[in-house]
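Take my numbering: the final residue in the sequence shown is number 579, and no numbers are missing along the way.
Where a beta carbon is used, it is the ideal one built from N, C-alpha and C, also for glycine.
Just so you know, these numbers come straight off a predicted model, no measurement behind them.
This report concerns only the one structure given below.
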Amino acid sequence: MQTYDVIIVGSGPCGLAAGIEAAKAGLSHLILEMGSLTESIRQYPRRMRFFSTAENIEIGGLPFAISDVKAGRDEALQYYRKAAAYYHLNFKLFQEVWEVHKEGDLFTVTTKAGDHFYARKVIMATGYFTRPRWLNIPGEDLPHVSHYYDEPFKYSFTNVVIIGGSNSTVEAALELYRHDVNITVVHRGDDFRSTVKYWLVPDVKNRVKEGKIKTAFDSCVTQINEKSVTINNLKTGEETELPADFVLILTGYIPDAELLRRCGIELDPVTQVPTFNKETFETTVPGLYVCGTVMAGIFTEKVFIENGREHAQAIIDHIVGREVHKVAELIQRI
246 MQTYDVIIVG SGPCGLAAGI EAAKAGLSHL ILEMGSLTES IRQYPRRMRF FSTAENIEIG
306 GLPFAISDVK AGRDEALQYY RKAAAYYHLN FKLFQEVWEV HKEGDLFTVT TKAGDHFYAR
366 KVIMATGYFT RPRWLNIPGE DLPHVSHYYD EPFKYSFTNV VIIGGSNSTV EAALELYRHD
426 VNITVVHRGD DFRSTVKYWL VPDVKNRVKE GKIKTAFDSC VTQINEKSVT INNLKTGEET
486 ELPADFVLIL TGYIPDAELL RRCGIELDPV TQVPTFNKET FETTVPGLYV CGTVMAGIFT
546 EKVFIENGRE HAQAIIDHIV GREVHKVAEL IQRI
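As structure tokens, then:
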């Protein structure tokens with residue numbers, strides 16, 4: 246029975262950063278990932294560019310050298326893959342963790358397939374991108390409905406309804422419009438969210454003004470049908486039916502709260518934020534840590550790669566017993 250010093254659950258940028266810090270500290274480690282390496286980034290829209298500059302999403306002290314200021318999806322996938330190879334990180338991919346159980350000083354990490362791995366410490370870095378926010382409306386599980394957007398060509402010359410009002414909605418709407426898609430955005434608010442990337446705002450507002458991207462603000466979708474959606478105006482109560490060959494529900498994602506509970510982590514019943522030490526990121530289970538966006542609960546906009554990568558150093562500092570790297574920004578955010 247091999248026992249690792251640290252098992253890290255999740256191979257996103259924050260999980261990789263934790264693996265790098267463990268390797269640098271001379272700790273034996275294993276990274277368990279439910280999908281491919283950096284699975285969440287692999288599922289991003291193919292032409293997406295990060296909000297943060299490339300230098301702000303670097304890990305392990307390795308320069309992220311690109312010709313532009315902001316990296317795209319493919320560049321990030323290449324960078325994180327090379328970082329993992331450079332530090333000889335130890336992986337087992339396509340291993341979905343089901344639960345973490347502690348007995349004495351030893352953790353048993355059990356996968357959904359029934360495999361068991363053992364460690365003295367465990368770091369949960371599972372992020373949130375695998376768990377969409379479901380609207381729980383009729384028709385949400387129909388085959389032409391998706392909570393993810395990848396690329397525009399599938400949708401050319403069709404009617405697409407996008408539900409949402411944040412960055413993902415605006416980026417998808419603009420790209421789809423430029424590929425001959427008839428777009429309608431349905432959003433509960435009276436405008437797009439104020440957090441939309443500033444350089445996208447003039448573009449999308451002008452397209453709306455021209456009528457090239459249609460909007461139904463102050464509205465919600467109450468039912469999805471095979472070729473249409475039913476929307477309700479939240480101010481007037483008026484009900485309308487819109488044609489929809491495809492429906493994209495881009496309303497965000499949340500961490501897997503049930504997985505965290507199965508690991509013994511206490512969660513706030515309303516916000517789903519785990520109980521953890523704001524300096525060391527250790528949960529109420531001694532030796533079990535949270536790292537990256539998984540610690541944000543429903544407030545996923547508060548933790549991202551740029552600040553989440555710092556958690557790894559603080560956690561490993563605490564594990565090896567040295568002075569803990571301060572991540573003051575996070576303490577103020579959550």
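Please confirm whether residue i and residue j have their CB atoms less than 9 angstroms apart.
i, j, result
"Arg506", "Trp343", "no"
"Ser285", "Phe374", "yes"
"Thr529", "Thr538", "no"
"Ile265", "Leu334", "yes"
"Glu420", "Arg318", "no"
"Ala559", "Val548", "no"
"Tyr498", "His392", "yes"
"Tyr394", "Leu493", "yes"
Give every residue of the same chain whose Cβ lies closer than 6 angstroms to the Cβ of residue i, excluding the five residues on either side of it in the sequence, and list them in chain order.
i, result
"Ala262", "Ile304, Arg554, Ala557"
"Gly566", "none"
"Pro383", "Gln468"
"Ala489", "Asn404, Val406, Ser473, Val474"
"Phe336", "Ile276"
"Leu307", "Ala328"
Note down the Cα distance separating residue i from residue j, rounded to an integer number of angstroms.
i, j, result
"Val254", "Leu487", "42 angstroms"
"Val390", "Ala268", "42 angstroms"
"Asp513", "Ile276", "27 angstroms"
"His424", "Ala418", "10 angstroms"
"His346", "Glu503", "14 angstroms"
"Gly456", "Phe462", "14 angstroms"
"Lys315", "Pro258", "16 angstroms"
"Thr525", "Ala270", "16 angstroms"
"Thr485", "Pro388", "22 angstroms"
"Ile464", "Ile564", "This sequence places Ser at residue 464; Ile is not what is there. Cα to Cα, the separation comes out at about 49 angstroms."
"Ile561", "Ile252", "12 angstroms"
"Arg287", "Val515", "30 angstroms"
"Arg376", "Glu385", "15 angstroms"
"Pro290", "Glu568", "40 angstroms"
"Gly482", "Cys536", "43 angstroms"
"Leu380", "Ile510", "26 angstroms"
"Ile368", "Lys399", "38 angstroms"
"Phe309", "Ser256", "18 angstroms"
"Ser273", "Arg365", "10 angstroms"
"Met279", "Ile302", "22 angstroms"
"Phe402", "Ile458", "14 angstroms"
"Glu546", "Gln517", "14 angstroms"
"Glu341", "Phe362", "12 angstroms"
"Pro531", "Phe544", "25 angstroms"
"Tyr422", "Trp444", "17 angstroms"
"Asp313", "Pro397", "23 angstroms"
"His570", "Glu527", "14 angstroms"
Thinking C-alpha only, which one of the options is nearest residue i?
i, options, result
"Val446", "Asn427, Arg433, Ser413, Ile302", "Ser413"
"Tyr249", "Tyr443, Val354, Phe491, Val415", "Val354"
"Val496", "Tyr443, His274, His432", "In the sequence under discussion, the amino acid at residue 496 is Thr, which differs from the Val named in the question. It is His432."
"Asn608", "Asp395, Val441, Thr460, Asp562", "In the structure as shown, the chain begins at 246 and stops at 579. Residue 608 is therefore absent and cannot be evaluated."
"Thr371", "Gly542, Arg378, Val515, Val572", "Gly542"
"Lys523", "Thr516, Met540, Val515", "Met540"
"Leu338", "Ser281, Gln247, Glu320", "Ser281"
"Glu471", "Phe491, Asp501, Tyr363, Pro531", "Phe491"
"Glu416", "Val441, Glu527, Tyr400, Val367", "Val441"
"Val466", "Phe544, Val430, Asp313, Tyr443", "Val430"
"Ile550", "Gly260, Gln247, Asp313", "Gly260"
"Arg378", "Pro500, Met246, Gln247", "Pro500"
For chain B, check one thing: does any of its Cβ atoms lie closer than 9 angstroms to the Cβ of residue i?
i, result
"Ser413", "Checking the listed chains, one finds no chain B in this structure; it contains a single protein chain."
Can you list, in chain order, the residues of its chain with a C-beta nearer than 7 angstroms to that of residue i? Leave out the 5 residues immediately preceding and following it.
i, result
"Glu320", "Ile311"
"Met326", "The amino acid at residue 326 is misidentified as Met; the sequence shows Arg. The residues are Leu282."
Apart from the five residues just before and just after residue i, which ones in its own chain have a Cβ nearer than 8 angstroms to its Cβ?
i, result
"Met246", "Tyr363"
Segment contact flag, the stretch 342-350 with the stretch 320-331, C-beta cutoff 8 angstroms, min 3 pairs: no
Using 8 angstroms as the cut-off, can you tell me whether the stretch 466-483 makes contact with the stretch 447-454, which would need three or more C-beta pairs spanning the two stretches below that distance? no
Segment contact flag, the stretch 392-412 with the stretch 423-440, C-beta cutoff 8 angstroms, min 3 pairs: yes
Hey, is the stretch 353-373 in contact with the stretch 288-297, meaning 3+ C-beta pairs nearer than 8 angstroms? no
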